[in-house]
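Add 454 to the 1-based position in the sequence shown for this note's numbering, that's all there is to it.
We put the CB at the ideal spot given by N, CA and C, even for glycine.
Here the structure is laid out as structure tokens; the discussion comes afterwards.
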Amino acid sequence: MRRLLFAAGLLIAYPLGAQQPLSVEARLQGFDAYMAQVMKDWDAPGIGVGIVVKDKLVFAKGYGFRDYGKKLPYTPATTQPIASNTKLFTAVATGMLVEEGKLRWDEPIKQFVPTIRFYNDELDRSVTIRDMLSHRTGVTRHDGIWFKSTFTRRELWDRLRYLEPAAPIRTTFLYNNLMFTAAGQVIEELSGQTWEQFVQHRIFDPLGMSRSTLTIADNLKGPEPAVPYSERRDSAVLYRQPYYTAEVAIAPAGAINSSVQDLSRWLIALLNNGRVDGRQVIPAAVLRETMAPSLAMPNSALETRGWAENLNQYYGMGRWVSSYRGHLLALHGGDLPGFHSQISMMPNDSIGVIVLVIGDHVASFYNGLTYDIYERLLGMSLTPWSERLNQIRLKNKAAATQARTVADVGRVQGTQPSHALDDYVGEFVHPAYGVVTVSRGDAGLAFDFHGIKMPLRQFHYDRFDTPDDEEDGKYSLNFRTNPMGEVDDVEISLDEAAASFTRRVPAVLAADSTLKRYTGTYTPPSGGKVEVTFLPGKGLSIRGGPDLLPWRPQQFRIKEFPDVVVSFTVEGGKVLAMRQRDPSGEHTFPRAP
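Right, dumping it as structure tokens:
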């Protein structure tokens, strides 16, 4: 049995019969030496650590540097992106609307926000805000839609309708940042405030989180912003990374910047049923709902590595909950280029831990460091988390370096593209992911997707690859032709599946003024008449027949028959005839006077 005592928030659980409770300082004896070794072993630029006991920040310290290049120390006031630890803020903000009667957790979200649309009627009838916040809609993450894109939050919202579910609703945990972004839009629709305004006024201000911000630009205006540094992938050299600054649209999923000091105010609220400084800032019922089980998770660490410390994990809304060596643990990680975080609490022990990390190569350690701190505070034997995780990191790094030496495996030598390079040039569009632009570069083709610009070189046949960039990765484009032999679309593997981008027709070819000129009566070879009509917003069609889809100057396609081309003969600005070409030949339809 264990008894829990607190004196001014500084005392931790101790065994019955002990002479006196142990202070946090006593529990953390040797921790600074441990951190010195960790910083060395992991080549860590900077780490911030905070510990909350009941309603006080009892330990706050920085290790290493907030700016490795300038050797500026990391302190408890250093601010950095907390990435997906933003999600619990969004879940709590949503819960405040539930408490106000503007929303209900377990009724279809479309009842409250009719403008939201999912892939099919079944999802429209079924998806609730709890489903969205617990990653159980059945729609997988599709991060390539938002990452580095210029889409607005509303444009991301409108793209939900194109995301086909990968699993039935409420059966599988499929992490999805876009659903949290949509939840941010729900907050705006129902409250009349943007997500940013709502979080600032309803959470930051009442909690006194005065240094926390919602954009990188605002964070950089603060007194102690952290600077992203990470190891090179094939060496131990630290280099400065660019900040990820396309965070505004996706903000409800991961845009908050904060510090150990500010986050301690958040943790105090979480640990004390929403109360801070004697005031009820967050409704207790909301916090209970975010802890409630939504989907159980497998004991993957036990099954794959035999690690049994953290078991029976489930996801609530904006946080995972599990049993860590018999103690209830709620936590969430956060990851953006260069910055990583872990915010956690053991509610039954009234302890919370903040871990903020600089460096992508150190990211996997935020769990281990969090666990180590709890073990120290609770007087447990120490698990060698640093050694375990660092060994995995170094093995993975070596394996990735080796893998890149054989990146051309499977390449068929001596092949040529099926078309001249100019035939691959154009804009290719996907309804959710947006536009991929292929252009002529100095030495061949060039690629542009969400501002990621790289050259393309032929791999084999009609496959072209970008270089393997350290920050942006590698893209492989497989061009495909239609039955007429034209380069029609390009397939690219993004996220968990391949996406097909179709050649986009230049806007001028679909303009009303262009299409109207082709309307009229045409005479088929057998006599009679064929009417070509135009409707604004619908375009050209053959009366009683198919729609004509713009394709090339004076050429149209038919959706149902990819091997049919309808074209018009134009001389001196006058339309003289319509022609239909299909596998059987070509038929000419003169235009009636």
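Exercise for the section: Indicate the three-state DSSP secondary structure (helix, strand or coil) for L1030 in the structure shown. Expected result: The count along the sequence shown starts at 1 and reaches residue 1030 at position 576. Note: L1030 maps to strand in three-state DSSP.
Problem - 7 Å Cβ shell around P990 - same chain, five flanking residues per side excluded - result: Locating residue 990 in the sequence shown gives position 536, counting from the first residue. Closer than 7 Å at the Cβ level, and outside the excluded window around P990, lie D966.
Practice task
Report the rounded CA-to-CA distance for R456 versus S798, giving the unit in angstroms.
Solution key: Locating residue 456 in the sequence shown gives position 2, counting from the first residue. Locating residue 798 in the sequence shown gives position 344, counting from the first residue. The predicted model places R456 with a pLDDT of 31, which falls under 50 and marks its position as unreliable, so this point remains unresolved.
Problem - L551, buried or exposed, once every other Cβ within 10 Å from all chains shown has been counted against 16 - result: Within the sequence shown, numbered from 1, the residue matching residue 551 stands at position 97. Buried, by the Cβ-count rule.
Exercise for the section: Spatial neighbours of L1049 within its chain, please: CB distance less than 7 Å, with the 5 preceding and 5 following residues excluded, ordered by chain position. Expected result: Absent from the model: residue 1049. The displayed extent of the chain is 455 to 1047, so no value can be given.
Handout entry: Burial state of D923 (16 or more Cβ within 10 Å)
Key = The residue you call residue 923 lines up with position 469 of the sequence shown. Exposed, because fewer than 16 other Cβ atoms sit within 10 Å of the Cβ of D923.
Exercise for the section: Quick one: measure Cβ to Cβ for Y522 and I501, integer angstroms, because I've assumed they're closer than 8 Å. Expected result: Walking along the sequence shown from the start, residue 522 turns up at place 68. Walking along the sequence shown from the start, residue 501 turns up at place 47. Rounded, the Cβ-Cβ distance is 12 Å, inconsistent with contact.
Exercise for the section: List the DSSP bridge partners of F933. Expected result: Residue mapping note: residue 933 aligns to position 479 of the sequence shown, counting from 1. According to DSSP, F933 bridges with V944.
Exercise for the section: For N630, count neighbouring Cβ atoms within 10 angstroms of its own Cβ and tell me buried if that reaches 16, exposed if not. Expected result: By one-based count along the sequence shown, residue 630 stands at place 176. That one is buried.
Practice task
Run the proximity test for P682: is its beta-carbon closer than 6 Å to any non-hydrogen atom belonging to the ligand SAH?
Solution key: The ligand SAH is absent from the structure shown, which contains no ligand whatsoever.
Exercise for the section: Throw me the rounded Cβ distance for the I722 and D509 pair, which I believe falls under 8 Å. Expected result: Here residue 722 is taken as the residue at index 268 of the sequence shown, counted from 1. Here residue 509 is taken as the residue at index 55 of the sequence shown, counted from 1. The pair is a contact, with the Cβ atoms about 5 Å apart (cut-off 8 Å).
Practice task
Determine contact between the stretch 863-882 and the stretch 906-920, defined as no fewer than three beta-carbon pairs at a distance below 8 Å.
Solution key: With the cut-off at 8 Å, the stretch 863-882 and the stretch 906-920 touch.
Exercise for the section: Assign F605 to buried or exposed, taking buried as 16 or more other Cβ atoms, counted over all protein chains shown, within 10 Å of its Cβ. Expected result: By 1-based counting over the sequence shown, the position of residue 605 is 151. Flag for F605 reads buried.
Problem - Segment contact, 8 Å Cβ cut-off, at least three pairs: the stretch 770-780 with the stretch 802-815 - result: no
Handout entry: Simplified DSSP assignment, three categories, for H596
Key = As a working note, residue 596 is residue 142 in the sequence shown. Of the three classes helix, strand and coil, the one that applies to H596 here is coil, per DSSP.
Practice task
Note the first and the last residue of the continuous alpha helix (DSSP H) segment covering L511.
Solution key: Residue mapping note: residue 511 aligns to position 57 of the sequence shown, counting from 1. Premise fails: L511 lies in the beta strand (DSSP E), K510 to D521, not in any alpha helix (DSSP H).
Handout entry: Of the listed residues N821, L557 and V714, nearest to A545 (C-alpha basis)
Key = Your numbering for residue 545 matches position 91 in the sequence shown. Taking only the C-alpha atoms, the option nearest A545 is L557.
Practice task
Could you tell me the distance, in whole angstroms, from the CA atom of Q483 to the CA atom of D495?
Solution key: Here residue 483 is taken as the residue at index 29 of the sequence shown, counted from 1. Here residue 495 is taken as the residue at index 41 of the sequence shown, counted from 1. So the two alpha carbons sit approximately 20 Å from each other.
Handout entry: Other residues of its chain near E950: CB distance less than 6 Å, five sequence neighbours each side excluded
Key = Along the sequence shown, one-based indexing puts residue 950 at 496. Closer than 6 Å at the Cβ level, and outside the excluded window around E950, lie T594.
Handout entry: Check whether A886 and G708 have beta carbons under 7 Å apart
Key = On the sequence shown, residue 886 is found 432 positions in, with the first residue counted as 1. On the sequence shown, residue 708 is found 254 positions in, with the first residue counted as 1. Going by C-beta atoms, A886 is not nearer than 7 Å to G708.
Practice task
Starting from F658, trace the beta strand (DSSP E) both ways and give me its first and last residue.
Solution key: Your numbering for residue 658 matches position 204 in the sequence shown. Unbroken run through F658: none, as it is neither H nor E.
Exercise for the section: Give me whichever residues DSSP pairs with A951 in a beta bridge. Expected result: Numbered from 1 along the sequence shown, position 497 holds the residue referred to as residue 951. Per DSSP, L948.
Exercise for the section: Could you tell me if F903 is buried or exposed, where buried requires 16 or more neighbouring beta carbons within 10 angstroms of its beta carbon? Expected result: Residue numbering aside, residue 903 sits at position 449 when the sequence shown is read from its first letter. It counts as buried.
Handout entry: Which of helix, strand or coil DSSP assigns to E650
Key = Here residue 650 is taken as the residue at index 196 of the sequence shown, counted from 1. Helix.
Practice task
Quick one: using the 10 Å Cβ neighbour count with 16 as the cut-off for buried, is V863 buried or exposed?
Solution key: As a working note, residue 863 is residue 409 in the sequence shown. Exposed, since its Cβ has fewer than 16 Cβ neighbours within 10 Å.
Handout entry: Proximity winner among P677, G770 and G732, relative to E743 (alpha-carbon distances)
Key = Counted from its first residue, the sequence shown places residue 743 at position 289. Answer by Cα proximity: G770.
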